[in-house]
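Take a look at the structure set out below.
As structure tokens, then:
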């Protein structure tokens with residue numbers, strides 16, 4: 156009797172060890188079709204690292220739009236032909252290309268019968284990807300990465316109070332257009348002016364950095380803005396380090412970043428989420444669908460619960476704009492010698508801040 160009981164315990168323990176996340180291992184790897192917008196980022200690394208850490212077998216097919224929307228029809232055809240278990244989309248433009256807006260879905264074009272998990276979408280509701288963050292209501296869920304716009308504005312004001320905010324953005328990127336509108340709405344409540352300048356388009360309607368440096372200088376010297384806000388904008392991110400930030404520094408205009416990528420290009424401060432962590436959280440959403448068999452319609456669209464307020468101390472020194480003393484208690488202080496100084500705390504989305512005056 157005792158021997159039989161011990162055998163049962165051993166068998167039960169063996170079965171439990173073979174299971175991960177409460178689900179049996181699949182007979183084959185889960186097949187994921189991933190579309191990026193501008194190549195591989197730390198988001199994709201975090202996405203893959205999560206599955207590796209959880210020992211969930213996945214086979215990921217990566218395709219890159221490379222900022223060229225004419226590639227999308229070929230990707231959609233491949234998805235419909237190969238029928239992966241899940242589709243991963245990076246950013247608003249890619250996601251809209253794959254699933255369409257909730258009020259203009261064309262089943263002959265968009266993916267409707269395969270679960271889609273998006274990442275790095277700034278405003279899923281305003282972009283009409285989902286109607287409600289808590290209950291997406293369609294075969295789509297995902298993760299947004301940008302701190303609430305008002306929290307960013309208040310963090311900016313806690314560093315340096317302001318009356319006027321300048322924005323440079325790509326008019327063909329829905330992420331940026333939506334966030335600019337959000338900033339305008341916040342400005343009405345908090346009482347500051349917004350001067351937004353879209354980047355130019357060439358003869359082929361492709362965005363170009365031509366004239367961008369002049370626009371930045373004009374924002375400071377003619378429009379007299381106090382801050383330059385860098386919205387979540389993929390093309391802008393490619394031009395910030397070599398064009399936007401040098402122009403802003405030349406006229407003493409501090410830049411505030413909405414994403415980790417933009418922060419790394421030389422903004423003085425930013426309220427950001429880490430791309431690697433966003434990728435891991437996105438993979439968690441995918442795990443709920445693939446392993447736990449939860450329908451995307453029932454999986455809330457979420458973001459990380461805390462954001463890091465980062466300050467580049469070398470840039471602050473060049474601008475002669477040191478952060479206020481209380482900020483040293485919770486900000487991540489980035490120095491040239493070390494990637495990030497050990498933070499004493501992490502500023503949550505509602506970090507203490509004063510409204511613009």
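Residue numbers (the numbering used here): 156 to 512.
Each residue gets a CB set at the ideal place from its N, CA and C atoms; glycine is no exception.
Fair warning: this is a prediction, and the values are worked out from it, not measured in the lab.
Given that a residue counts as buried once 16 or more other Cβ atoms are within 10 Å of its Cβ, and exposed if not, what is residue i?
{"i": "residue 469", "result": "exposed"}
{"i": "residue 224", "result": "exposed"}
{"i": "residue 309", "result": "buried"}
{"i": "residue 402", "result": "buried"}
{"i": "residue 378", "result": "exposed"}
{"i": "residue 434", "result": "buried"}
{"i": "residue 207", "result": "exposed"}
{"i": "residue 480", "result": "exposed"}
So residue i and residue j are supposed to be a Cβ contact under 8 Å. How far apart are they, rounded?
{"i": "residue 186", "j": "residue 239", "result": "4 Å"}
{"i": "residue 320", "j": "residue 347", "result": "6 Å"}
{"i": "residue 244", "j": "residue 190", "result": "5 Å"}
{"i": "residue 404", "j": "residue 329", "result": "No, residue 404 and residue 329 are not in contact; Cβ-Cβ is about 29 Å, not under 8 Å."}
{"i": "residue 456", "j": "residue 291", "result": "6 Å"}
{"i": "residue 386", "j": "residue 350", "result": "Not quite, the Cβ-Cβ distance comes to about 14 Å (not below 8 Å), so this is no contact."}
{"i": "residue 362", "j": "residue 325", "result": "5 Å"}
{"i": "residue 201", "j": "residue 432", "result": "6 Å"}
Starting from the C-beta of residue i, find all residues in its chain whose C-beta is less than 7 Å away, skip the five residues before and the five after it, and write them out in chain order.
{"i": "residue 478", "result": "314, 466, 471 and 486"}
{"i": "residue 394", "result": "364 and 367"}
{"i": "residue 436", "result": "298 and 459"}
Taking the C-alpha atoms as reference points, what is the distance between residue i and residue j?
{"i": "residue 417", "j": "residue 236", "result": "37 Å"}
{"i": "residue 439", "j": "residue 199", "result": "13 Å"}
{"i": "residue 381", "j": "residue 307", "result": "15 Å"}
{"i": "residue 280", "j": "residue 297", "result": "12 Å"}
{"i": "residue 249", "j": "residue 444", "result": "20 Å"}
{"i": "residue 409", "j": "residue 233", "result": "45 Å"}
{"i": "residue 447", "j": "residue 454", "result": "11 Å"}
{"i": "residue 476", "j": "residue 216", "result": "46 Å"}
{"i": "residue 261", "j": "residue 255", "result": "8 Å"}
Measuring CA to CA, which of the options is closest to residue i?
{"i": "residue 193", "options": "388, 301 and 482", "result": "388"}
{"i": "residue 214", "options": "203, 288, 454 and 325", "result": "203"}
{"i": "residue 413", "options": "397, 398, 404 and 391", "result": "391"}
{"i": "residue 428", "options": "182, 197 and 181", "result": "197"}
Counting only the same chain and skipping the five closest in sequence on each side, list residues whose C-beta sits under 8 Å from that of residue i.
{"i": "residue 365", "result": "355 and 357"}
{"i": "residue 406", "result": "371, 372, 375 and 376"}
{"i": "residue 242", "result": "187, 188, 189, 190, 234, 253, 266, 269, 270, 271 and 272"}
Near residue i, what residues of its chain come up, given a Cβ to Cβ distance below 6 Å and the 5 sequence neighbours on each side ignored?
{"i": "residue 424", "result": "314, 411 and 466"}
{"i": "residue 341", "result": "304, 305 and 308"}
{"i": "residue 278", "result": "333"}
{"i": "residue 184", "result": "212, 213 and 214"}
{"i": "residue 205", "result": "435 and 438"}
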